[in-house]
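The next block holds one structure in the form of structure tokens; read it before the comments.
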Amino acid sequence: ADEGARLTYHAVAPFLTKIHEEILRLKPTAILCASQGGAYLVGLWQLGYWKGPSIMLNAHPSLPMRLPGKTPVVLAHGSNDEVYLWRREDLEDLACTASPNHCFLYYTSNSGYLASGSLTRLGDRHLMQSILSNDCLPRLVDAAVSSMGPEMFMLQSWRGQLGEDRLEAQHWLGYSLERLRRFWASPGKQGRDEKLYQVPKNSEEFRKVTTIFRSEPPQTPAYMLSSQSSWERLPIYKIERVENGCQMECSAIPYRDGVKQSLHQQGIDFDPSVHCSWAFHGADYESSLSIIRDPAGFQPLISGSRNSPVWGSGTYFARDAKYVADGQFCPRQADGMRCMLLCLVTLGMPCLGDPQQRGVLPFRQKPHRYNSTVDSLSSPEVLVIQQSGAAYPAYLISFA
């Protein structure tokens, strides 16, 4: 391993001509390298022998100060790599030197500590275990060759981590704040006075929300959760639709439109089904009502996982309702009932969370920063927002 770390251009130069000949003969779509192979890929870039899609597992120490222009690059690295020692911020700075929307940094790191003293996720070592789960490695290769750009491809591929029943239900509800109003029962669909309206149990709307609540992901979640059979037996007492016109019009929609404009300036078309997500937030009943009634909605600067900043400051959401319930984020009321919010979250372009993050998020393309954070760039199960308006509480679900 130490020898691999010291590999330089001069050490690999005698072999680059032969590799170039093989490239000309085989005409590969992409080149993937790992560990010491990174030195050879850097040499191919420097000599102009390869300008096509490139995937580097373990960011090699010989990486230049700037990535090659117009070259799609996927860099994969773990915070616990014991061979190639990189600071996360240095890799993020390096990724920013690529041509716009041509680089994706797949980085894994340790979460913050829970109150119990344990970690929820571990960053990869030199032998990257995370790429062996959830079809991550094939998706990284597909990302490098995708015409939409590697980062956008990975975000789009997150939908593959949801069950078909949930995807269909989410599509039926839609990812547009404005379209949610088609269900509203308040006078003129304005949502000015009463904020909660019970959804009829025999309605398609009730069935779709229930499907999202119950849905089991096709891959085993990263977190230890209760059995699916016991989850499906939990009774849902009622589902109430949140109709807060002020919060939607003055907070959620302006925030989403700002993200949309920022992405446009970065050369990215805003896709609601990619840049927005249905997710769950747990709280006690009174706190949930406060979020529902507040004109601004969620208050990330004064809420969230204050006692355990596992992925940095902000308001936390879960992909799966079962995570919220099993994690005891929705305490029981005196009558034994629990509740959680199903929210439409504007993720924009997310990056990996950082337990030390307390202020603004890293730059993506200066002057534009990332818009939210997640616990995994392969199969996110925890989402964190840092701005009011980034999530609209669409439904309050009461269950046993």
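The opening residue of the sequence shown carries number 1 in the numbering used here; numbering runs sequentially from there.
By construction, the Cβ of each residue, glycine as well, lies at the ideal position given by its N, Cα and C atoms.
Which runs of the beta strand (DSSP E), 3 residues or longer, sit entirely within the region 185–234?
-> Runs found: 196–198.
Rounded straight-line distance, which links the Cα of A30 to that of D141 = First, the residue type needs correcting, since residue 141 is Val and not Asp in the sequence shown. Approximately 8 angstroms between the Cα atoms of the pair.
S147 to F153, Cα distance in whole Å?
-> Whole-angstrom Cα-Cα distance: 9 angstroms.
From which residue to which residue does the beta strand (DSSP E) around R88 run?
-> DSSP places R88 outside any beta strand (DSSP E); the residue lies instead in the alpha helix (DSSP H), whose first and last residues are 88–95.
Buried or exposed: M248, going by 16 or more other Cβ atoms within 10 Å of its Cβ?
-> By the neighbour-count rule (16 or more Cβ atoms within 10 Å), M248 is buried.
Closest by CA to S378, which one among R66, M128, H20, S118?
-> Just measuring C-alpha positions, the residue of R66, M128, H20, S118 sitting nearest S378 is M128.
What is the residue span of the beta strand (DSSP E) that S54 lies within?
-> Per DSSP, S54 belongs to the beta strand (DSSP E) from 54–57.
Could you tell me how far apart the beta carbons of S288 and C339 are, in whole angstroms, since I believe they sit closer than 8 angstroms?
-> Sure, about 6 angstroms apart at Cβ, within 8 angstroms.
Quick one: grab the DSSP three-state call for L137.
-> Note: L137 maps to helix in three-state DSSP.
Which stretch, first to last residue, makes up the beta strand (DSSP E) that contains Q365?
-> 363–365 is the span of the beta strand (DSSP E), which, as asked, contains Q365.
Of the residues P300, F270, R332, the one placed nearest Y285, counting alpha carbons only | Put simply, of P300, F270, R332 the residue whose alpha carbon is nearest the alpha carbon of Y285 is R332.
Taking Cβ positions only, does L289 come closer than 7 angstroms to chain D?
-> The structure shown has no chain D; it contains just one protein chain.
For F329, does the three-state DSSP call read helix, strand or coil?
-> The answer is coil: DSSP assigns F329 none of H, G, I, E or B.
Going straight from the alpha carbon of A283 to that of W172, what length do you get?
-> Taking the straight line from one Cα to the other gives about 26 angstroms.
Are three or more beta carbon pairs between the region 101–119 and the region 75–92 nearer than 8 angstroms?
-> Yes, since at least three Cβ pairs between the region 101–119 and the region 75–92 fall closer than 8 angstroms, the two stretches touch.
When you compare each of L16, G52, P254, R139 to R403 by their alpha carbons, which one comes out closest?
-> Outside the shown range of the chain (1 to 400) lies residue 403, about which nothing can therefore be said.
Since K260 is in the alpha helix (DSSP H), which residue starts that stretch and which ends it?
-> Segment 253–265, the alpha helix (DSSP H) holding K260.
Residue burial classification, F317 (beta-carbon count within 10 angstroms, cutoff 16) = The C-beta of F317 has 16 or more other C-beta atoms within 10 Å across all chains shown, which makes the residue buried.
Boundaries of the beta strand (DSSP E) in which W45 is found, first to last residue = Per DSSP, W45 belongs to no beta strand (DSSP E); it is in the alpha helix (DSSP H), 37–47.
Please work out which residues of its chain come closer than 6 angstroms, Cβ to Cβ, to V12, disregarding the five sequence neighbours upstream and downstream, and give them in chain order.
-> Setting aside the 5 residues that flank it on each side, V12 is surrounded in the same chain by A39, Y40, G43, each with a C-beta closer than 6 angstroms to its C-beta; the list follows chain order.
Bounding residues of the alpha helix (DSSP H) (the contiguous stretch that carries I268) | Here I268 belongs to no alpha helix (DSSP H), and DSSP marks it neither H nor E.
Are the region 252–268 and the region 196–207 in contact at 8 angstroms, needing three or more beta carbon pairs?
-> Judged by Cβ distances under 8 angstroms, the region 252–268 makes no contact with the region 196–207, as fewer than three pairs qualify.
Reference C246, options D294, S230, D90, W231, closest by Cα | Nearest option by C-alpha distance: D294.
Neighbour-count burial assignment, Y237, 16 or more Cβ in a 10 Å radius = Exposed.
Should V310 and G112 be called a contact, given that it needs their Cβ atoms to be closer than 7 angstroms?
-> Contact flag set, yes.
Please say whether A144 and V74 have beta carbons closer to each other than 7 angstroms?
-> Going by C-beta atoms, V74 is nearer than 7 angstroms to A144.
First and last residue of the beta strand (DSSP E) that includes S372?
-> Element bounds for S372: 372–374.
Quick one, are the C-beta atoms of S251 and S388 less than 7 angstroms apart?
-> Between S251 and S388, the C-beta spacing is below 7 angstroms.
Nonlocal neighbours in the same chain, by C-beta distance under 7 angstroms from P68, ignoring five residues either side | For P68, where only same-chain residues beyond five positions count, the Cβ hits under 7 angstroms are W45, K51.
Give the secondary structure of V274 by DSSP, where H, G and I count as helix, E and B as strand, and everything else as coil.
-> Three-state result, V274: helix.
Given that a residue counts as buried once 16 or more other Cβ atoms are within 10 Å of its Cβ, and exposed if not, what is S277?
-> Its Cβ being crowded by 16 or more others within 10 Å, S277 is buried.
Just checking my contact of L91 with A59 at CB under 8 angstroms: how many whole Å lie between their CB atoms?
-> Contact flag correct, Cβ pair sits at about 6 angstroms.
For R446, count neighbouring Cβ atoms within 10 angstroms of its own Cβ and tell me buried if that reaches 16, exposed if not.
-> Residue 446 is absent from the model: the chain starts at 1 and stops at 400.
Which residues in the same chain as P72 place their Cβ atom closer than 6 angstroms to its Cβ, once the five residues preceding and following it in sequence are excluded?
-> Correct list, in chain order: P53, H102, A144, P150.
So what's F183 in DSSP terms, helix, strand or just coil?
-> Under the three-state reduction of DSSP output, F183 falls in the helix class.
Reducing DSSP to helix, strand and coil, say where A400 ends up.
-> Of the three classes helix, strand and coil, the one that applies to A400 here is coil, per DSSP.
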